[in-house]
Amino acid sequence: MKVRLGIDLGGSVIKAGIVSLSFKVLYRVEKPSRAEINKSEVKKSLNVVYDHLLGICRKRHYLPLSLGIGSPGTISQPLGKVTDASPNIKGWQGTVLTEVFGKTVFPVYADNDANCAALAEYLYGFKYRYKDIVFITVGTGIGGGLIIDGKLHRGNNYAASEIGHSILKYNGRLCKCGRRGCLEAYASVPNMLKRAYLWAKHYNQNLKPDIKPVELFSLYKRRNRVACKTIEENADFLGTSLASLVNILNPQVVVIGGGFSGAGKEYIRLIKNHIFQKAFSSSTCQLKVVKAQLGNDAGFIGASALTQVDKNGFIRKK
Ligand SMILES: [Zn+2]
Numbered sequence: 182m183k184v185r186l187g188i189d190l191g192g193s194v195i196k197a198g199i200v201s202l203s204f205k206v207l208y209r210v211e212k213p214s215r216a217e218i219n220k221s222e223v224k225k226s227l228n229v230v231y232d233h234l235l236g237i238c239r240k241r242h243y244l245p246l247s248l249g250i251g252s253p254g255t256i257s258q259p260l261g262k263v264t265d266a267s268p269n270i271k272g273w274q275g276t277v278l279t280e281v282f283g284k285t286v287f288p289v290y291a292d293n294d295a296n297c298a299a300l301a302e303y304l305y306g307f308k309y310r311y312k313d314i315v316f317i318t319v320g321t322g323i324g325g326g327l328i329i330d331g332k333l334h335r336g337n338n339y340a341a342s343e344i345g346h347s348i349l350k351y352n353g354r355l356c357k358c359g360r361r362g363c364l365e366a367y368a369s370v371p372n373m374l375k376r377a378y379l380w381a382k383h384y385n386q387n388l389k390p391d392i393k394p395v396e397l398f399s400l401y402k403r404r405n406r407v408a409c410k411t412i413e414e415n416a417d418f419l420g421t422s423l424a425s426l427v428n429i430l431n432p433q434v435v436v437i438g439g440g441f442s443g444a445g446k447e448y449i450r451l452i453k454n455h456i457f458q459k460a461f462s463s464s465t466c467q468l469k470v471v472k473a474q475l476g477n478d479a480g481f482i483g484a485s486a487l488t489q490v491d492k493n494g495f496i497r498k499k
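Numbers 182 to 499, taken from my numbering, label the letters of the sequence shown in order.
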């Protein structure tokens with residue numbers, strides 16, 4: 182059976198899988214990326230995952246046709262060089278992703294991790310139903326991917342879709358990227374949790390130390406004042422930035438992915454309300470705002486499908 186391999190490199194975890202040519206996940210695995218140590222440890226971890234996938238292929242008589250890797254940062258084409266790196270993997274800049282695995286008998290492709298997830302939603306999540314997609318993923322950072330007129334929009338220097346670093350507030354909070362006022366500095370998971378403690382102080386309430394997003398959402402469902410304020414504010418931050426993008430791009434669908442998407446329909450509805458309040462009605466009258474369809478698998482499914490995207494972003498059907 183012919184298959185494709187996909188690897189999704191994150192700041193803490195590598196998610197990877199073996200994917201059929203019709204995008205069905207045949208096998209998945211997760212390993213720590215060890216990004217907190219150094220870049221050679223990350224390369225080693227990637228090779229451990231790769232060898233593991235090859236071992237499974239041999240055992241199950243799968244024939245791998247290609248390998249795709251999604252990584253944070255700006256990834257130039259066609260070599261897959263990291264030209265601007267995420268601060269979550271120290272020293273990652275300059276790495277040529279297609280060379281990390283040594284000599285392979287099949288082609289290796291690489292792209293930005295959120296681009297990969299957007300591609301997976303386009304191909305498999307929505308099965309080509311939408312040709313204009315804004316994809317945002319909210320986690321430790323905030324990533325974005327754009328499909329415009331059925332084409333993966335990488336931009337002139339492959340640096341497009343950095344939705345997390347669109348400016349939400351003029352001269353605002355310092356972001357990890359070194360600039361001020363970025364959406365990520367307000368609405369990423371760690372920053373949302375920081376704001377929860379600020380609101381707890383403001384309302385003179387106690388919040389357990391090291392609270393997890395899932396616990397905050399369960400407090401929200403119980404109408405806890407601090408949780409409500411934090412979640413509603415977070416949806417406002419995201420909705421405001423997305424409204425600007427909706428006015429600029431007039432997409433068919435906005436897709437919300439990442440760790441937050443587990444927060445359920447209510448959270449998506451809050452974000453949707455802010456987009457609809459703040460964008461032109463001509464841009465929103467046919468707009469859908471939905472949760473990502475593929476969850477945690479989107480990154481490696483999209484990476485495995487990079488073989489269908491040419492260097493200009495055109496997406497082939499097969
Ligand atoms: Zn930033």
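Yeah, the Cβ is synthetic: ideal placement off N, Cα and C, and Gly gets one too.
Residue i CB to nearest heavy atom of ligand 1 below 6 Å
i	result
R360	yes
E365	yes
C356	yes
H346	yes
Residues of its chain near residue i, where Cβ-Cβ distance is below 7 Å and the 5 sequence neighbours each way are ignored
i	result
I199	V184, L186, L207, Y208, L234, I237, C238 and Y243
F495	K332
I392	L374 and A377
R360	H346
Nearest neighbour of residue i, chosen from the options [CA to CA]
i	options	result
N269	L190, Y448 and L388	L190
V434	K472, T411, L419 and G445	K472
E222	V281, I452 and Y367	V281
A486	G251, N219, V230 and K225	G251
E343	I329, T318 and N352	T318
N454	D313, F418 and F287	F418
G325	K284, L426 and K492	L426
I412	V370, G249 and A424	V370
V230	K410, R241 and G249	G249
N387	D313, L304, G336 and R406	R406
K284	G353, N228 and R497	N228
A298	T279, H334, V286 and P288	H334
Contact belief for residue i with residue j at Cβ below 8 Å, rounded distance in angstroms
i	j	result
V194	E217	That pair is no contact at about 12 Å.
D294	G480	5 Å
C363	L379	Their Cβ separation, rounded to whole angstroms, is 18 Å, which puts C363 and L379 out of contact at 8 Å.
V436	F316	5 Å
E302	L475	6 Å
Assigned exposure category for residue i - 16 Cβ within 10 Å defines buried
i	result
M182	exposed
E501	The structure shown has nothing for residue 501, since the chain only spans 182 to 499.
R450	exposed
L300	buried
Y367	buried
C466	exposed
Y384	exposed
K262	buried
L260	exposed
S226	buried
I429	exposed
D292	buried
R403	exposed
S462	exposed
P245	buried
V286	exposed
N296	buried
P394	buried
S422	buried
Nonlocal neighbours in the same chain, by C-beta distance under 6 Å from residue i, ignoring five residues either side
i	result
A408	L397, L400 and Y401
A266	G254, W273 and Q274
K492	Q258 and P259
D478	V206
F457	T465
A460	A424, V427 and N428
T276	V263
Own chain partners of residue i with C-beta closer than 8 Å, once the 5 adjacent residues on each side are dropped
i	result
K220	I270, K271, G272, W273 and T276
P213	S193, V194, I195 and S226
A341	L327, H334 and R335
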